[in-house]
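Taking my numbering, the leading residue of the sequence shown gets 186, the next gets one more, and so forth.
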Amino acid sequence: RRHQKLIEESPSPVLSEKVRRKMGSLVVDASLSGQIGNVDAKGFVTLQPPRWGAEDLLVKFSRLDLQALTGRRVPSSLEGELAVTGSMDTTRAPEGEIRLVLSRSRLKEFTIDSVFGIAGLHDSMIRLDTAYAVWKDATLGGSGTLGWAAPYRGRMSFSLRADSLVAFDSLLLAETGIRRDPASDSTLAGRASASVELAGSLDTLDAAGDVLVEGFEWQRFRSPLLRGAFSWTGGKRPQVTGALSADSLQA
């Protein structure tokens with residue numbers, strides 16, 4: 186009887202680790218509609234505190250409103266899907282893979298044409314294989330690695346190129362609270378390029394970046410060339426520095 190009980194409770198040796206995880210998971214096949222938008226989710230989830238996880242979880246959404254979902258002031262209407270496989274608990278860094286795809290969506294006052302990203306986290310290293318966003322006359326891309334926590338370290342870079350800044354006009358007005366000048370019909374205009382470099386780990390993150398804007402016009406302000414730069418040193422006593430210069434500025 187003792188041997189029989191051992192056999193009954195032991196997992197089959199012919200089962201793969203992936204199949205064993207799925208047997209200890211909950212099957213998800215759900216659809217939600219309402220104020221948050223439309224959400225369809227299929228896959229497997231693990232809810233065994235302190236261990237949480239997902240296996241082949243695919244979440245498709247339309248008109249997703251992050252403000253209704255999170256309670257934070259980020260009104261949005263997102264169209265796309267999120268695929269997740271991974272696990273996390275309180276004893277180690279998370280492990281997993283994630284893929285995000287967005288088609289034409291709105292985030293606050295900003296309209297995005299498409300977003301695509303693939304990332305993973307293994308052995309305490311965050312890996313961004315590829316990430317890019319496209320909107321009117323502009324693209325943003327990035328890749329690289331970062332440590333989840335010290336002493337693991339990596340380096341990640343992002344670059345932006347915008348042949349027109351008009352897509353940022355409504356966002357700039359909304360974020361600054363500035364009202365459009367009735368005496369000026371000028372929307373935000375110009376061309377811009379920028380780069381940001383991240384280094385280290387999430388708890389000791391260093392960052393540096395620069396931006397160049399040509400033909401800047403907004404409200405009553407005009408400048409043929411604007412330059413900006415910043416640096417951030419993380420850790421227990423974070424420090425940030427920044428500088429902005431203009432060849433000339435008319436108002």
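By construction, the Cβ of each residue, glycine as well, lies at the ideal position given by its N, Cα and C atoms.
Every value quoted in this text rests on a predicted model; they were computed, and no experiment measured them.
Which one of the options has the shortest CA to CA distance from residue i?
i      : options                        : result
Leu287 : Thr426, Phe246, Gln404         : Phe246
Pro423 : Leu390, Leu243, Leu217, Asp241 : Leu390
Gly219 : Ser262, Ser210, Thr324         : Ser262
Trp265 : Arg258, Phe406, Leu249         : A small fix is needed here, since residue 265 is Gly in this sequence, not Trp. Measuring from the Cα of Gly265, the nearest candidate turns out to be Leu249.
Gly385 : Ala335, Gln233, Ala215         : Ala335
Glu282 : Ser290, Gln435, Thr270         : Thr270
Leu357 : Asp274, Lys293, Phe343         : Lys293
With DSSP as the reference, label residue i as helix, strand or coil.
i      : result
Ala334 : coil
Val351 : helix
Ala436 : coil
Asp250 : coil
Glu360 : helix
Thr276 : coil
What residues match up with residue i in a beta bridge as DSSP calls it?
i      : result
Ile303 : Arg284, Thr315
Asp391 : Ala384, Thr418
Ser290 : Ile297
Lys227 : Asp214, Leu243
Val259 : According to DSSP, Val259 bridges with nothing at all.
Gln233 : Arg236
Could you spell out the range, first to last residue, of the alpha helix (DSSP H) harbouring residue i?
i      : result
Gln220 : Unbroken run through Gln220: none, as it is neither H nor E.
Taking the continuous beta strand (DSSP E) assigned at residue i, which residues delimit it?
i      : result
Gly385 : 374-385
Gln424 : 424-431
Got a sec: does the ligand MN put a non-hydrogen atom nearer than 8 Å to the Cβ of residue i?
i      : result
Leu263 : In the structure on display, the ligand MN does not appear, and there are no ligands present to speak of.
Contact between the segment 299-314 and the segment 346-353 (3+ Cβ pairs under 8 Å):
no
Check whether the segment 411-422 touches the segment 376-394, taking contact to mean three or more Cβ pairs, one atom from each stretch, closer than 8 Å.
yes
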